[in-house]
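Inspection log for the structure reproduced underneath, given as structure tokens.
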Amino acid sequence: MAGETETWDGTPEHEDLTWLTEPPLYWIVIHSEPLPPIPGLVYLATNSFADSAYNETLVAAPDEPELIELLRLAAGVRAVVPGYLRYFFQDDAVIAVVNGTAITWFDSVDEALRWDPFAEPDTMLPPGPTS
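Quick look at the structure:
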């Protein structure tokens, strides 16, 4: 933007990007089999898809982020990635993942649809296609 000092990477100088260097609290686990219970991890919600053999589970690792490594070894786990813009449904509630360190809870789908994730400067977009 005009008149703002930018850093070497092009972001405004005052923009707080510390969430990029903090260990993620929220992870998305892509898996084809049920996840094992691991003390210290919290399974918040799972999305199942009719057109895929894989489910996506939102996992919180608030106290011991290194525990997430145990999920990488679990049977049926395809990928474990830090949280990015994604919606998860749990009963009537909706959980919107902003990035690896922030989520937002909504009481209904309607409320979630009124939310503008791009108004949040820290919103992390899904990873792009891989070769």
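Position 129, counted from 1, in the sequence shown is what my numbering calls 160; the numbers after and before it change by one each time, with no gaps.
A virtual CB, placed ideally from N, CA and C, is assigned to each residue, including glycine.
{"Check": "Coil, strand or helix - L101 by DSSP", "Outcome": "helix"}
{"Check": "Collapsed DSSP secondary structure at P93 in the structure displayed", "Outcome": "coil"}
{"Check": "Rounded C-alpha distance that separates N86 from N78", "Outcome": "6 Å"}
{"Check": "Residue of L104, F119, D122 minimising C-alpha distance to P68", "Outcome": "L104"}
{"Check": "Nonlocal neighbours in the same chain, by C-beta distance under 7 Å from Y74, ignoring five residues either side", "Outcome": "L66, T88, V90"}
{"Check": "Cβ-based burial, A33 [other Cβ within 10 Å; buried from 16]", "Outcome": "Model confidence at A33 stands at a pLDDT of 44, short of 50, so the residue's coordinates are unreliable and nothing is read from them."}
{"Check": "Extent of the continuous beta strand (DSSP E) to which A127 belongs", "Outcome": "124 to 130"}
{"Check": "Best match in E97, P70, S63 for proximity to P55 [C-alpha to C-alpha]", "Outcome": "E97"}
{"Check": "Where V108 falls, given that 16 or more other Cβ within 10 Å makes a residue buried", "Outcome": "buried"}
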